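In this text, residue positions in the sequence shown follow this note's numbering: the first is 5, and each later residue adds one. Cβ atoms here follow ideal geometry from the backbone N, Cα and C, with glycine treated the same way. Just so it is clear, the structure is predicted and the values come from calculations on it, not from any experiment. Down below is the structure, laid out as structure tokens.
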Amino acid sequence: MKKAQNVALFSALTAMLASCSMVGPGVNEYTMARQTVVKSTDPVYAPAGTARIMRDLGTTRTNITLTGMTPYAIYVAHYHKRGQADVPACESGGAAIMESKMVAQADKDGKVSLQGLAANALLDGATYLNVHHARDFGGTPSDSGVICSPVTLN
5 MKKAQNVALF SALTAMLASC SMVGPGVNEY TMARQTVVKS TDPVYAPAGT
55 ARIMRDLGTT RTNITLTGMT PYAIYVAHYH KRGQADVPAC ESGGAAIMES
105 KMVAQADKDG KVSLQGLAAN ALLDGATYLN VHHARDFGGT PSDSGVICSP
155 VTLN
């Protein structure tokens, strides 16, 4: 009798765990590209990185990992809506979605990690993720962008 109960419990747990893996978050990873407007005379300055975007249960979690940034500089990242239609998303000049703002400071080696959470509904219409130099830790952008990636949020 006890063996039959254990088998039934094991079967039920297996079914539950299998269904959990199907409900897991949608994860997308994007390669960030240097903005064409960036004109640096510093040969060490070579921005590169990735953005990992996870959407689940009404929330978007964004993790941006960058290298080659200006040491100790402050950066702000946020999603943007599409601007001008006939150019690439990162060059379209779309409106920033300020509720998605993430701010962090690069370390001595120019590495920076930015993380943020935003409600999925706030990001409706977002077409690209842009990282700017910031004037301050409040996240006021000081340029049009350093590194960017088009995104598709579903």
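Under the three-state reduction of DSSP, which class applies to A93: helix, strand or coil? Position 89 of the sequence shown, counted from the start, is the residue given in the question as residue 93. If DSSP states are grouped into helix, strand and coil, A93 belongs with the helices.
So what's N158 in DSSP terms, helix, strand or just coil? Translated into positions along the sequence shown, residue 158 becomes position 154. N158: coil per DSSP, three-state reduction.
Going by beta carbon distance, what residues of the same chain come within less than 7 Å of S104, once the five residues before and after it are set aside? Indexing the sequence shown from 1 puts residue 104 at position 100. Cβ neighbours of S104 beyond the five flanking positions: H82, Y83, G120, A122, L126 and L127.
Report the three-state DSSP secondary structure of L70 (helix, strand or coil). Stepping through the sequence shown from its first residue, residue 70 is reached at position 66. Three-state DSSP puts L70 in a strand.
Just to confirm the assignment, what range does the beta strand (DSSP E) spanning D60 have? Numbered from 1 along the sequence shown, position 56 holds the residue referred to as residue 60. Where D60 is concerned, the enclosing beta strand (DSSP E) stretches over A52 to D60.
From this set, T35, T40 and N124, which residue's C-alpha is nearest R65's C-alpha? Within the sequence shown, numbered from 1, the residue matching residue 65 stands at position 61. Residue N124 is the option with its Cα nearest to R65.
Roughly how far, in whole angstroms, is the beta-carbon of Y34 from the beta-carbon of A55, given that I think they are within contact range, below 8 Å? Against the sequence shown, residue 34 aligns to sequence position 30. Against the sequence shown, residue 55 aligns to sequence position 51. Rounded, the Cβ-Cβ distance is 5 Å, consistent with contact.
Specify, as a first and last residue, the run of the beta strand (DSSP E) that K105 falls within. Within the sequence shown, numbered from 1, the residue matching residue 105 stands at position 101. A100 to Q109 is the extent of the beta strand (DSSP E) around K105.
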